[in-house]
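Undergrad:
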Amino acid sequence: MSSRISRRTLLRGAAGLAGAGALAGCSSDGDAKGSKAATTITYWDWYASQAGWVDKEIKLFQEANPGIAVKKTTQVSDKYADLVSLAYRSSNAPDILMVPKSPQLSQQISQSWLMPLDKWATDSWQGRFPENSFVEGVDVFSGKVYTAPFAAPAPSLQLYVHHGVFKDAGLTNADGSVKLPKTWDDVTSAAEAIASKSGGKVAPFGFGNSTNTTLAWWLDLFVRGAGTPGGAAVGGIDGMDYRVGKWTFGTDRNYLDVINLLLEWKNKNWFYPNSMSISDEQARAFFERGRFGMTVGGVWNQPEWTKHKFTDYSLVTLPTPSAGDPKALFYGPPGGKFVAVNAKTPHADEAWAWFDWLYSPDAGRRWVEQGQGLSVYAKNNDPKSVTFAPFAQYVAMSGAAVVGPQPTIRNPKVSAVQLPGVKPDINDVLAGVYTGQLKDPQAALNELTDKMNQALGDAITKAPGVSAKDFTFADWDLTKPYTTKPGA
Amino acid sequence: MVMTATVREDVARSEPPRSAGRRRARRRTYLWSYVYLAPMMVLLLVFVVYPIIASLGYTFYKWDGIGDPSDFVGLDNFRQIVHDSIFWRSLGHTFVYAAFVVPIQLVLALALALVLNNKKLRFASFYRTLFFLPVVTSAAVIGVVIQLLVSNFGDSINSVLLKLHIIHQHVDWLGDPHFALGIIILVGIWHTFGYNLVYFLAGLQTIPEELYEAARLDGAGRFATFRYITIPMLRAVGVVIVILAVIGTFQIFDLVQVLTSGGPFFATEVVNTYIYHLAFGGSNANAVQPDIGLASAASFVYGVLLIAFSVVQVVVLRSLAKRRGTGGLA
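Protein chains in written order, with my numbering: chain A, 218 to 705; chain B, 43 to 372.
1. Take B/T171 as the anchor and find which of B/L228, B/H125, B/F235, B/F308 has the nearest alpha-carbon.
2. Based on DSSP bridge pairs, tell me the residues matched to A/H379.
3. Compile a chain-ordered list of the residues in the segment 96–110 of chain B whose CB is closer than 7 Å to at least one CB of chain A.
4. Excluding the 5 residues preceding and the 5 following B/L243 in the sequence, name in chain order all residues of the same chain whose CB lies nearer than 8 Å to its CB.
5. Which ranges does the alpha helix (DSSP H) cover as unbroken runs of at least 4 residues, wholly within the segment 599–668 of chain A, from first to last along the chain?
6. Just the C-alpha distance for A/A239 and A/T259, rounded to the nearest angstrom, thanks.
7. Please tell me whether A/I275 and A/V287 are closer than 8 Å, where the distance is taken between their beta carbons.
8. Taking the alpha helix (DSSP H) that A/D262 falls in, what are its first and last residues?
9. I need the DSSP call for B/I209, collapsed to helix, strand or coil.
10. Any chance you could list the alpha helix (DSSP H) runs of at least 4 consecutive residues sitting entirely within the segment 288–372 of chain B, in chain order?
11. Give me the residue from A/N518, A/D299, A/Y363, A/A281 with the minimum Cα distance to B/P332.
12. Do you know offhand how far A/V631's Cα is from A/G354's?
13. Output needed in chain order: residues of the segment 280–306 of chain A with a Cβ under 7 Å from some Cβ in chain B.
14. In the segment 630–654 of chain A, which residues sit with their C-beta less than 9 Å from some C-beta in chain B, listed in chain order?
15. Taking the alpha-carbon of B/P219 as reference, which of B/V354, B/S303, B/S352 has the nearest alpha-carbon?
16. Assign B/H233 to buried or exposed, taking buried as 16 or more other Cβ atoms, counted over all protein chains shown, within 10 Å of its Cβ.
17. According to DSSP, is B/N238 part of a helix, a strand, or is it coil?
18. Within 8 Å of any Cβ in chain A, is that where the Cβ of B/F89 sits?
19. Using a Cβ-Cβ cut-off of 8 Å, state whether A/M669 counts as contacting chain B.
20. Work out the CA separation of A/G541 and A/L695 for me, nearest whole Å.
21. Bridge partners for A/L314 per DSSP, in chain order?
22. Does the Cβ of A/N491 have 16 or more other Cβ atoms within 10 Å, making it buried, or fewer, making it exposed?
23. Determine the chain A residues that contact B/H212 at a beta-carbon separation under 9 Å, and present them in chain order.
24. So, under 8 Å CB-CB, A/V212 and A/P551 are touching, yes? Tell me the CB distance rounded to an integer number of Å.
25. In this structure, how does DSSP classify A/G242 when only helix, strand and coil are distinguished?
26. Looking only at C-alpha atoms, which of B/Q211, B/H125, B/S132, B/V187 sits nearest to A/K485?
27. Between the C-alpha atoms of A/M493 and A/Q279, what's the straight-line distance to the nearest angstrom?
28. Could you tell me which of A/F572, A/V619, A/F690, A/L665 sits nearest to A/G462, measuring between CA atoms?
29. For B/Q299, is the classification buried or exposed, using 16 other Cβ atoms within 10 angstroms of its Cβ as the cut-off for buried?
30. Which residues, taken in chain order from the segment 179–209 of chain B, show a beta carbon closer than 9 Å to some beta carbon of chain A?
31. Please classify A/T290: does DSSP put it in a helix, a strand, or coil?
32. Which partner residues of A/T389 appear in the DSSP bridge assignment?
33. Okay, do the segment 333–346 of chain B and the segment 238–254 of chain B touch, 3+ Cβ pairs below 8 Å being the bar?
34. So who's on the other strand from A/F358, going by DSSP bridges?
35. Starting from B/T71, trace the alpha helix (DSSP H) both ways and give me its first and last residue.
36. For a contact defined as C-beta to C-beta under 7 Å, what are the partners of B/F235 on chain A?
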């Protein structure tokens, strides 16, 4: 106990720690290396698997604008909203940033976080976007433009199928191609074949639910195919069935059917057993290694797999309960949001230049070329120009996503409705049911439905000029794009 | 000795006021004490007292942390917390965590301290460092490593346990509500075990060697010396260690947040993660409106419960000490 530390040792240790700290501190930021630009603007996003595209755009932008350097910081996605909020509170917000999902955009604007862009986003600038891209309550507030759509409506979730696993299980067509499942029964049959042919060594399904989100993706994908337009989205008014202007977890039979299907698969040990505790990134890696044959995810899976030279997979979307077309699709609003400029930036012109660059048709083209997603500019989304087969499958299924009803177009005052979070949410309920902690799924769904509709009712009473009718679109045909009429 | 001291005190009381120079010198001494205390007091006021008072104000508002709180809801946040089953479940998990970690950790730490206190043990310093290492390792790093170990090698661990017939089916250690809290408890015991080891070692080294020598001369065996010398002499330090260990376990947050984030379905949610999730909008990647007012109310309720628990703890320890005739906490 009498060991003494000499001053020299202490200093040496401190120097070592400082060095290690400095190295660690370098790891999360990406900025203009060696840039001698006159102005450096700070840019925040949560794009991890899309970082390659962002970095390339920064490089091209800086070459075209030698006076401006972009210092990018990629924040962790599930804490992004908190970090942005804290940054604004401490007056350290970046010059330009990806719009956080929370708080609502209307609240971000009312708190003077974001700058109106009308000085630059003139009618001619807006003209390069497709029709109805700038919508009050979506990217325009009180007639001022704050952000803009970047991507075209696209199916946000797909069922990924591992070719190797399917072939080993004999799930092939006569021509040797992989037999892709289209219905719930197809998926069940494929799972049965994988489980029996592999002798239990390969799981038919797998996911990574450590962030408590991915299990809900399965519910979302499968209920949509059965005709439930709300899916299983969490946050804001997403996930509502606009035909009735309510959440229908407890009243729409499809939710319980899919949950029972998932439980049936789970009870047969068809899910990769660590699915509840591994992350989505780990699940992606395990799928790549053929540890399971099917997983649900988005197009963001593809760039990482491509980087690892794993391309032997296919994707399908919206499997249906029985043969036929999906009875509901994915829906997006007209307009959209991606990045916005900090209202207090001292480098507004430079931030706008980077904003304009990100929204350029060329940047959108490179986004599609890199297999990141669909561009808001239709000409960029030509499947013929896509050579990578899995991404071409994704582009080809773009018809599975259309514009849905938009309450803020009908009544712009709807944007003032601040819906509080409801806990437990659908992610929690699914985790509870899956792990056997909630024994009665129907009761849990009923309770969730009541709480969410109650929360909406309470929020409406606090928003002057808004009523429940603003959320109801009884004439909505789920398989077609919907045009919301102002004041109708 | 006692008489002398008493006489000196009496003399001091009856002495006429000392010279002004001495009083100034004494004031200077006191002043320096306050100067030395000041930085700590400032930090305490800014980072402990102010947040407590400020958050008490927030408890009366529905506020998502953006802008200034304006939606006054009175005591509604408290009503919500008291009626929230997840809060009580989290509290239960916190107590379960403390109930397992404190006794197991203390027994293990004492046993190992006795071993490491043996002067004949070679490389004792190395072992002390080794056992203290987890304490200086960030809980976040430990959480990530354990998470990776369990998820990446979970299959291998399961295969071995299945072959040994210890388990009958594959276990998702951090994803199964029956096991997840147990894993957190195990990691928690290992993580902060070094603190108690060092405290016990320090306590053991204050026990005069002469007592053991005398006992040995009187024919006392190892158990007898442990029972009649080590335990009584460690009592004072032991009480402090117990109190610190209990307080430490009630502050559990980082391990849970990194390992399970309170899941699955709140099976490992402790009060501190519950408060965090309320304040920062949910335990998952989806945007859920944060509720600082509700989180502040939960913090306040938890604080009151902990104060009540601490009072009970002190009362029980005092009554135990009185029964043993030590007359104080020790």
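From the three backbone atoms N, C-alpha and C, an ideal C-beta is built for every residue, glycine too.
Nothing here was measured: the structure is a model prediction, and the numbers come from that model.
TA: Result, derived from the coordinates:
1. Residue mapping note: residue 171 of chain B aligns to position 129 of the second sequence, counting from 1. Distance from the Cα of B/T171 is smallest, within the candidate group B/L228, B/H125, B/F235, B/F308, for B/F235.
2. On the first sequence, position 162 is the one that residue 379 of chain A refers to. Answer is A/Y530.
3. Of all residues in the segment 96–110 of chain B, the ones placed with a Cβ closer than 7 Å to any Cβ belonging to chain A are D106, G107, I108, G109, in chain order.
4. Here residue 243 of chain B corresponds to residue number 201 of the second sequence, with the count starting at 1. Counting only Cβ-Cβ distances below 8 Å, and skipping sequence neighbours, we find A155, L158, N159, R170.
5. 606–613, 624–627, 643–651
6. By one-based count along the first sequence, residue 239 of chain A stands at place 22. By one-based count along the first sequence, residue 259 of chain A stands at place 42. Per-residue confidence for A/A239 stands at a pLDDT of 38, beneath the threshold of 50, marking its modelled position as unreliable; the derived number appears in the next sentence. Distance between the alpha carbons of A/A239 and A/T259: 20 Å.
7. Translated into positions along the first sequence, residue 275 of chain A becomes position 58. Translated into positions along the first sequence, residue 287 of chain A becomes position 70. Cβ atoms of A/I275 and A/V287: closer than 8 Å.
8. For the purposes of this step, residue 262 of chain A is taken as the residue at position 45 of the first sequence. Run containing A/D262: none in the alpha helix (DSSP H); it sits in the beta strand (DSSP E), 256–262.
9. Taking the first residue of the second sequence as 1, we reach residue 209 of chain B at position 167. The answer is coil: DSSP assigns B/I209 none of H, G, I, E or B.
10. 296–301, 313–321, 334–366
11. On the second sequence, residue 332 of chain B is found 290 positions in, with the first residue counted as 1. Checked all of A/N518, A/D299, A/Y363, A/A281; the closest Cα to B/P332 is A/D299.
12. Locating residue 631 of chain A in the first sequence gives position 414, where the first residue counts as 1. Locating residue 354 of chain A in the first sequence gives position 137, where the first residue counts as 1. If I take the Cα positions, the gap works out to 8 Å.
13. Across the segment 280–306 of chain A, CB contacts with chain B closer than 7 Å involve S294, D295, A298, D299, S302, in sequence order along the chain.
14. Q635, L636, P637, G638, V639, K640, P641, D642, N644, D645, V646, L647, A648, G649, V650, Y651, T652, G653, Q654
15. Numbered from 1 along the second sequence, position 177 holds the residue referred to as residue 219 of chain B. Nearest of B/V354, B/S303, B/S352 to B/P219, Cα basis: B/S303.
16. Looking up residue 233 of chain B in the second sequence gives position 191. So B/H233 ends up on the buried side.
17. Locating residue 238 of chain B in the second sequence gives position 196, counting from the first residue. Helix, per DSSP.
18. Here residue 89 of chain B is taken as the residue at index 47 of the second sequence, counted from 1. By this cut-off, B/F89 is not an interface position.
19. By 1-based counting over the first sequence, the position of residue 669 of chain A is 452. Residue contact with chain B for A/M669: absent (no Cβ-Cβ distance below 8 Å to any residue of chain B).
20. The count along the first sequence starts at 1 and reaches residue 695 of chain A at position 478. The count along the first sequence starts at 1 and reaches residue 541 of chain A at position 324. Cα to Cα, A/L695 sits roughly 15 Å from A/G541.
21. Here residue 314 of chain A refers to the residue found at position 97 when the first sequence is read from its first residue. For A/L314, which the question treats as bridged, DSSP gives the partners A/W261, A/A557.
22. Here the question's residue 491 of chain A lines up with position 274 in the first sequence. Within a 10 Å sphere around the beta-carbon of A/N491 sit 16 or more other beta-carbons, which makes this residue buried.
23. Mapped onto the second sequence, residue 212 of chain B falls at position 170. Those are N486, P490, N491, listed as they occur along chain A.
24. Residue 212 of chain A falls outside the range modelled here, since chain A spans only 218 to 705, and no answer is possible.
25. By 1-based counting over the first sequence, the position of residue 242 of chain A is 25. For A/G242, the pLDDT reaches just 37, beneath the cut-off of 50, and the residue's location in the model is therefore unreliable, although a value from the coordinates is still provided. The answer is helix: DSSP assigns A/G242 an H, G or I state.
26. For the purposes of this step, residue 485 of chain A is taken as the residue at position 268 of the first sequence. Selected option, being the one with the closest Cα: B/Q211.
27. Within the first sequence, residue 493 of chain A is the residue found at index 276, counting from 1. Within the first sequence, residue 279 of chain A is the residue found at index 62, counting from 1. Near 43 Å, if we compare the C-alpha coordinates of A/Q279 and A/M493.
28. Residue mapping note: residue 462 of chain A aligns to position 245 of the first sequence, counting from 1. If we check each option's Cα against that of A/G462, A/F690 comes out closest.
29. Walking along the second sequence from the start, residue 299 of chain B turns up at place 257. Buried, by the Cβ-count rule.
30. Q189, L190, V192, S193, N194, G196, D197, N200
31. Counting from one through the first sequence, the residue named residue 290 of chain A turns up at place 73. Strand.
32. Locating residue 389 of chain A in the first sequence gives position 172, where the first residue counts as 1. Note: A/T389 sits in a beta bridge opposite A/V395.
33. The segment 333–346 of chain B, when compared against the segment 238–254 of chain B, does not touch it at the 8 Å Cβ threshold.
34. Stepping through the first sequence from its first residue, residue 358 of chain A is reached at position 141. Answer by DSSP bridge pairing, in chain order: A/K361.
35. Indexing the second sequence from 1 puts residue 71 of chain B at position 29. Per DSSP, B/T71 belongs to the alpha helix (DSSP H) from 62–86.
36. Residue numbering aside, residue 235 of chain B sits at position 193 when the second sequence is read from its first letter. Within 7 Å Cβ-Cβ: nothing; B/F235 doesn't reach chain A, min ~18 Å.
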